[in-house]
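Chemist: Quick note: the sequence shown uses the UniProt record's numbering, first residue 1, plus one each step.
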Amino acid sequence: MIHELLLALSGFPGTIFTWNKRNGLQVSQELPFLHPSEVGVLNRQCKLGSDYIRFTEFMEQHTGHVHAQVRHMGAQTGLHGVYLRAFCTGLDSMLQPYRQALLDLEHEFLGDPHLTISHVNYKLDQFQLLFPSVMVVVETIRAQKIHGCQILETVYKHSCGGLPPVRTALEKILCVCHGVLYKQLAAWMLHGLLLDQHEELFIRQGPSGSGSSANQDEEDDDLGLGGLSGKQLRELQDLRLIEEENMLAPSLQQFSLRTEMLPSYIPVRVAEKILFVGESVQMFENHNHGPSRTGSILKHREDVFASELHRLKQQPLFSLVDFENLIDHIRSTVAEHLWTLMVEEADLIEQLKIIKDFFLLGRGELYQVFIDLAQHMLKTPPTAVTEHDVNVAFQQAAHKVLLDDDNLLPLLHLTVDYQSKDKGKSQILRISLDTSPREPPQSGWAALGLSYRVQWPLHILFTPAVLEKYNVVFRYLLSVRRVQSQLQHLWALQMQRKHLKSSQTDAPQWRLRNHMAFLIDNLQYYLQVDVLESQFSQLLAQINSTRDFESIRLAHDHFLSNLLAQSFILLKPVFHCLSEILELCHSFCSLVGQNSALDERGAAQLDLLIKGFRRQSSLLFKILSSVRNHQINSDLAQLLLRLDYNKYYTCSGGTLGSFSFSVSEDGPIPAERGVLDFSCVTV
Numbered sequence: 001m002i003h004e005l006l007l008a009l010s011g012f013p014g015t016i017f018t019w020n021k022r023n024g025l026q027v028s029q030e031l032p033f034l035h036p037s038e039v040g041v042l043n044r045q046c047k048l049g050s051d052y053i054r055f056t057e058f059m060e061q062h063t064g065h066v067h068a069q070v071r072h073m074g075a076q077t078g079l080h081g082v083y084l085r086a087f088c089t090g091l092d093s094m095l096q097p098y099r100q101a102l103l104d105l106e107h108e109f110l111g112d113p114h115l116t117i118s119h120v121n122y123k124l125d126q127f128q129l130l131f132p133s134v135m136v137v138v139e140t141i142r143a144q145k146i147h148g149c150q151i152l153e154t155v156y157k158h159s160c161g162g163l164p165p166v167r168t169a170l171e172k173i174l175c176v177c178h179g180v181l182y183k184q185l186a187a188w189m190l191h192g193l194l195l196d197q198h199e200e201l202f203i204r205q206g207p208s209g210s211g212s213s214a215n216q217d218e219e220d221d222d223l224g225l226g227g228l229s230g231k232q233l234r235e236l237q238d239l240r241l242i243e244e245e246n247m248l249a250p251s252l253q254q255f256s257l258r259t260e261m262l263p264s265y266i267p268v269r270v271a272e273k274i275l276f277v278g279e280s281v282q283m284f285e286n287h288n289h290g291p292s293r294t295g296s297i298l299k300h301r302e303d304v305f306a307s308e309l310h311r312l313k314q315q316p317l318f319s320l321v322d323f324e325n326l327i328d329h330i331r332s333t334v335a336e337h338l339w340t341l342m343v344e345e346a347d348l349i350e351q352l353k354i355i356k357d358f359f360l361l362g363r364g365e366l367y368q369v370f371i372d373l374a375q376h377m378l379k380t381p382p383t384a385v386t387e388h389d390v391n392v393a394f395q396q397a398a399h400k401v402l403l404d405d406d407n408l409l410p411l412l413h414l415t416v417d418y419q420s421k422d423k424g425k426s427q428i429l430r431i432s433l434d435t436s437p438r439e440p441p442q443s444g445w446a447a448l449g450l451s452y453r454v455q456w457p458l459h460i461l462f463t464p465a466v467l468e469k470y471n472v473v474f475r476y477l478l479s480v481r482r483v484q485s486q487l488q489h490l491w492a493l494q495m496q497r498k499h500l501k502s503s504q505t506d507a508p509q510w511r512l513r514n515h516m517a518f519l520i521d522n523l524q525y526y527l528q529v530d531v532l533e534s535q536f537s538q539l540l541a542q543i544n545s546t547r548d549f550e551s552i553r554l555a556h557d558h559f560l561s562n563l564l565a566q567s568f569i570l571l572k573p574v575f576h577c578l579s580e581i582l583e584l585c586h587s588f589c590s591l592v593g594q595n596s597a598l599d600e601r602g603a604a605q606l607d608l609l610i611k612g613f614r615r616q617s618s619l620l621f622k623i624l625s626s627v628r629n630h631q632i633n634s635d636l637a638q639l640l641l642r643l644d645y646n647k648y649y650t651c652s653g654g655t656l657g658s659f660s661f662s663v664s665e666d667g668p669i670p671a672e673r674g675v676l677d678f679s680c681v682t683v
């Protein structure tokens, strides 16, 4: 019977020890010569045999060839992948001491036939705690269909118990599974290869899938920032997010983290460094062509880093300190090389100045000439030929201001989306447009955009999503500059007409234009000086103070986020109010710019414009004042300081466009005197 027991414990049941899937291995009930206490002792040993048989079945089921494994077992159990095979390999190594113990028992019983069943209990007692604990892990993987790196998390959690044999055995299994992880990380970080056909790693190709339906309501909640939802705010502030996969240039493949696959003992910050290194290496390997792009982004240290990863793989226990130190070392090497590539070889600072000159209207004289040339062709709804005509006008404007850089101009192209083809893009990126995204634009200005052909390797910084956000700021700044130009032309026209008899009745027009110009000029100065120049200077200072590419990318992200925030594109009430003011100014210039004097209908329109401007300027003042009083937004306070530097705005009740008289010691002061000389005095 002892030999029958040893065979059963080895996974070969017979007539004395029978097997069924429900109850496992048990002593046959057809043996009347066994005392119930003896049956209990034997059944206790049979539990080890039952677990061993289930272990071997699990291993045989999942340790075949990977492709055959997926083909035959995937449809039935959903379990497949290299991490599962590594787990089975570790499980098999854990069972080796048990097999050796059975072999030793066989030799001992052959040498001493007087040994009893108690000796078997004594020899195998160490496995009575181990096997049930490991079986819990196996059943968890089987029942929950745990996949990929999630197996690492499952084994790690169960290894944190207080039983030393269980902890030691599971740590050995985890060490085998880590071997797969280190091989994948070596291929990813050293060669830019994502060897993960079963999607088991915590890195995947494509954008992150964070838009789950469970969080949809939370994402769409209004944050109280002028109607801006949480989802929209995240889209604007996370500038590394690319809204649509088809926006990606062929030279840039996007990868993202799968946090649900990331083991808890590896922090997200470390995973992000791994993602950055692999993306950078792949980008460099895929486009390392030509004599000017020779070399290695890892500075030919692949062998050194590979040996370090192999050393970590050989460690019996995972050390986060050693692991993160190695990842930091690789990341710093890549980041420094990218900094050299971007700043010194690709001349990043010069590229940023180009972005500032054209997207942020740094070349004001260019756009002043362009506005004059393109005004007639963009004031009407665009057609199929509008884009060509606009680019011709842009080239003419560049030649007029002596901007004849043959290498730069071909990289710039004005776009006119006359059919609103970009319906798939994020709606938040259209909040600066004057029209609904589902309707054709009412004018060419609303559909105007600017594209820039980014050269390698700057495409990893100026992604399509980043350029689209620059376009948001571009349209907004251009609309302000266009209205300012119209008001300046209107001033020149009024100066020509001031000697005419009709000019004596045009005082309301002069006053309104004066107030409009005052507001728009201060808004323009605030945007160009307080926002753009200030933020751009900080960006250049941060670039020059580091040799780390990730620091540059973070600084650029903050720069663009601050542009969107401080220009009030993110603050819906302020942005809507300013948009209404710009539209009122445009309508006023169109009305007064007519050659003939205003008739009764024109006078009525002028009265409506005056009331509208007063209402919107009052609303703007209330918004700016309320925010300043609560001291929660320094940007709004800065704009209010420019508009109300001498308290005229305050003394006029927060309203521009009103034509009452102020009172001083010398008598009434007409409100139409120069706006820069406005003062608020008391009697």
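Backbone N, C-alpha and C fix where the C-beta goes; we use that ideal spot for every residue, glycine too.
Rounding to the nearest angstrom, what Cα-Cα distance links L5 and D112 in this structure?
Modeler: Counting from one through the sequence shown, the residue named residue 5 turns up at place 5. Counting from one through the sequence shown, the residue named residue 112 turns up at place 112. About 16 angstroms.
Chemist: Once the 5 residues before and after S485 are set aside, which same chain residues still bring their CB inside 6 angstroms of it?
Modeler: Within the sequence shown, residue 485 is the residue found at index 485, counting from 1. Contacts found: I371.
Chemist: What are the start and end residues of the beta strand (DSSP E) that includes H413?
Modeler: Walking along the sequence shown from the start, residue 413 turns up at place 413. It spans L412 to V416 - the beta strand (DSSP E) in which H413 sits, taken as one unbroken run.
Chemist: Determine whether the beta carbon atoms of C177 and Y265 lie at a separation below 8 angstroms.
Modeler: Position 177 of the sequence shown, counted from the start, is the residue given in the question as residue 177. Position 265 of the sequence shown, counted from the start, is the residue given in the question as residue 265. Not closer than 8 angstroms, so no.
Chemist: For a test of your reading of the model: does the CB of L48 fall under 7 angstroms from any non-hydrogen atom of the ligand MN? Yes or no.
Modeler: The ligand MN is not part of the structure shown, which contains no ligands of any sort.
Chemist: Tell me which same chain residues have a C-beta within less than 8 angstroms of the C-beta of V138, skipping the five on either side of it?
Modeler: As a first step, residue 138 must be located in the sequence shown, where it is residue number 138. Hits under 8 angstroms: R54, F55, F58 and L91.
Chemist: Determine the contact status of P457 and L578, defining contact as a CB-CB distance below 8 angstroms.
Modeler: As a working note, residue 457 is residue 457 in the sequence shown. As a working note, residue 578 is residue 578 in the sequence shown. No. Outside cutoff.
Chemist: Quick one: which unbroken alpha helix (DSSP H) runs of 4-plus residues sit fully inside the stretch 108 to 177? Chain order, please.
Modeler: Complete alpha helix (DSSP H) runs here, min 4: 117 to 124, 127 to 144 and 150 to 158.
Chemist: Quick one: Cα of E345 to Cα of A555, how far?
Modeler: In the sequence shown, residue 345 corresponds to position 345, counting from 1. In the sequence shown, residue 555 corresponds to position 555, counting from 1. Near 19 angstroms, if we compare the C-alpha coordinates of A555 and E345.
Chemist: Only counting the same chain, and skipping five residues up and downstream in sequence, which positions put a Cβ closer than 6 angstroms to that of A374?
Modeler: Position 374 of the sequence shown holds residue 374. Cβ neighbours of A374 beyond the five flanking positions: V390 and A393.
Chemist: Name the DSSP beta bridge partners of N20, please?
Modeler: For the purposes of this step, residue 20 is identified with residue 20 of the sequence shown, where counting begins at 1. In DSSP, N20 forms a bridge with G24.
Chemist: For the alpha helix (DSSP H) holding Y367, just list the boundary residues, first then last.
Modeler: Mapped onto the sequence shown, residue 367 falls at position 367. Looking at the DSSP string, the run of the alpha helix (DSSP H) that includes Y367 is G364 to L378.
Chemist: To the nearest angstrom, how far is it from the Cα of A584 to the Cα of L409?
Modeler: Here residue 584 is taken as the residue at index 584 of the sequence shown, counted from 1. Here residue 409 is taken as the residue at index 409 of the sequence shown, counted from 1. In the sequence on display, residue 584 carries Leu and not Ala. Cα-Cα distance, rounded: 34 angstroms.
Chemist: Look at the alpha carbon of F575 and the alpha carbon of L523, and state the distance between them as a whole number of angstroms.
Modeler: Position 575 of the sequence shown, counting from 1, holds the residue named residue 575. Position 523 of the sequence shown, counting from 1, holds the residue named residue 523. Taking the straight line from one Cα to the other gives about 12 angstroms.
Chemist: Measuring straight from C-alpha to C-alpha, what distance separates T397 and R363?
Modeler: Position 397 of the sequence shown, counted from the start, is the residue given in the question as residue 397. Position 363 of the sequence shown, counted from the start, is the residue given in the question as residue 363. The displayed chain sequence assigns Ala, not Thr, to residue 397. So the alpha carbons of these two residues sit roughly 11 angstroms apart.
Chemist: Determine the contact status of V473 and H586, defining contact as a CB-CB distance below 8 angstroms.
Modeler: Counting from one through the sequence shown, the residue named residue 473 turns up at place 473. Counting from one through the sequence shown, the residue named residue 586 turns up at place 586. The answer is no: Cβ separation not under 8 angstroms.
Chemist: Assuming P164 and L130 form a contact by the criterion Cβ under 8 angstroms, report the distance between their Cβ atoms to the nearest whole angstrom.
Modeler: Within the sequence shown, numbered from 1, the residue matching residue 164 stands at position 164. Within the sequence shown, numbered from 1, the residue matching residue 130 stands at position 130. In fact, because the Cβ distance is near 10 angstroms, the residues do not count as touching under 8 angstroms.
Chemist: Could you check whether Q254 and G192 sit closer than 8 angstroms to each other, using their CB atoms as the reference points?
Modeler: Taking the sequence shown and counting its residues from 1, one reaches residue 192 at position 192. Taking the sequence shown and counting its residues from 1, one reaches residue 254 at position 254. Contact flag unset, no.
Chemist: May I have a chain-ordered list of the beta strand (DSSP E) segments no shorter than 3 residues that lie completely inside the stretch 436 to 502?
Modeler: DSSP runs (the beta strand (DSSP E)) wholly in the stretch 436 to 502: 448 to 452.
Chemist: Where I151 and Q128 are concerned, what is the direct C-alpha to C-alpha distance, given to the nearest angstrom?
Modeler: Sequence index remark: in the sequence shown, residue 151 carries index 151 (1-based). Sequence index remark: in the sequence shown, residue 128 carries index 128 (1-based). C-alpha separation (whole angstroms): 24 angstroms.
Chemist: In terms of DSSP beta bridges, what is L257 paired with?
Modeler: Locating residue 257 in the sequence shown gives position 257, counting from the first residue. For L257, which the question treats as bridged, DSSP gives the partners I203.
Chemist: Under a Cβ-count criterion, where at least 16 other Cβ atoms within 10 Å of its own Cβ denotes burial, should A271 be classed as buried or exposed?
Modeler: Along the sequence shown, read from residue 1 onward, the residue named residue 271 stands at position 271. Looking at its Cβ environment, which holds 16 or more other Cβ atoms inside 10 Å, A271 is buried.
Chemist: Output the boundary residues of the alpha helix (DSSP H) element that contains D303.
Modeler: Counted from its first residue, the sequence shown places residue 303 at position 303. Element bounds for D303: E302 to Q314.
Chemist: With respect to the alpha helix (DSSP H) encompassing E324, which residues constitute its N-terminal and C-terminal limits?
Modeler: Residue numbering aside, residue 324 sits at position 324 when the sequence shown is read from its first letter. Unbroken alpha helix (DSSP H) run through E324: L320 to W339.
Chemist: Please report how far the alpha carbon of E600 lies from the alpha carbon of L564, in whole angstroms.
Modeler: Position 600 of the sequence shown, counting from 1, holds the residue named residue 600. Position 564 of the sequence shown, counting from 1, holds the residue named residue 564. So the two alpha carbons sit approximately 42 angstroms from each other.
Chemist: Helix, strand or coil: how does DSSP classify S551 here?
Modeler: Here residue 551 corresponds to residue number 551 of the sequence shown, with the count starting at 1. If DSSP states are grouped into helix, strand and coil, S551 belongs with the helices.
Chemist: Less than 6 angstroms between C-beta atoms, sequence neighbours within five positions excluded: which residues of the same chain meet that for C175?
Modeler: To locate residue 175, count along the sequence shown from 1; it is residue 175. Excluding residues within five positions, the ones whose Cβ falls inside 6 angstroms are P316.
Chemist: Using the Cα positions of K400 and R642, report the straight-line distance between them to the nearest angstrom.
Modeler: Working through the sequence shown from its first residue, we reach residue 400 at position 400. Working through the sequence shown from its first residue, we reach residue 642 at position 642. Their backbone Cα atoms lie some 33 angstroms apart in a straight line.
Chemist: Might you give, ordered along the chain, the residues of its own chain that have their beta carbon closer than 6 angstroms to the beta carbon of S451, omitting 5 neighbours on each side?
Modeler: Locating residue 451 in the sequence shown gives position 451, counting from the first residue. Correct list, in chain order: H413 and T415.
Chemist: Do you know how far the Cα of L170 is from the Cα of Q232?
Modeler: Within the sequence shown, numbered from 1, the residue matching residue 232 stands at position 232. Within the sequence shown, numbered from 1, the residue matching residue 170 stands at position 170. Note that Q232 scores a pLDDT of 45, beneath 50, so its modelled location is shaky and nothing firm can be said.
Chemist: Helix, strand or coil for P382 per DSSP?
Modeler: Here residue 382 refers to the residue found at position 382 of the sequence shown. Reduced to three states, the DSSP call for P382 is coil.
Chemist: Using 10 angstroms around the beta-carbon of D607, count the other beta-carbons present and answer buried if the total reaches 16, otherwise exposed.
Modeler: Position 607 of the sequence shown, counted from the start, is the residue given in the question as residue 607. Exposed: under 16 other Cβ atoms inside 10 Å.
Chemist: In three-state DSSP terms, what is F569?
Modeler: By one-based count along the sequence shown, residue 569 stands at place 569. Note on residue identity: the sequence assigns Ile, not Phe, to residue 569. I569 falls in the coil class under three-state DSSP.
Chemist: Contact between the stretch 332 to 340 and the stretch 537 to 553: three or more CB pairs below 8 angstroms?
Modeler: As far as the Cβ criterion goes, the stretch 332 to 340 touches the stretch 537 to 553, which means the pair count is three or higher.
Chemist: Do you know how far the Cα of L115 is from the Cα of T168?
Modeler: Sequence index remark: in the sequence shown, residue 168 carries index 168 (1-based). Sequence index remark: in the sequence shown, residue 115 carries index 115 (1-based). Their Cα atoms are separated by approximately 31 angstroms.
Chemist: Hey, L361 and R481: beta-carbon distance below 8 angstroms or not?
Modeler: Position 361 of the sequence shown, counted from the start, is the residue given in the question as residue 361. Position 481 of the sequence shown, counted from the start, is the residue given in the question as residue 481. Taking 8 angstroms as the Cβ cut-off, L361 and R481 qualify as a contacting pair.
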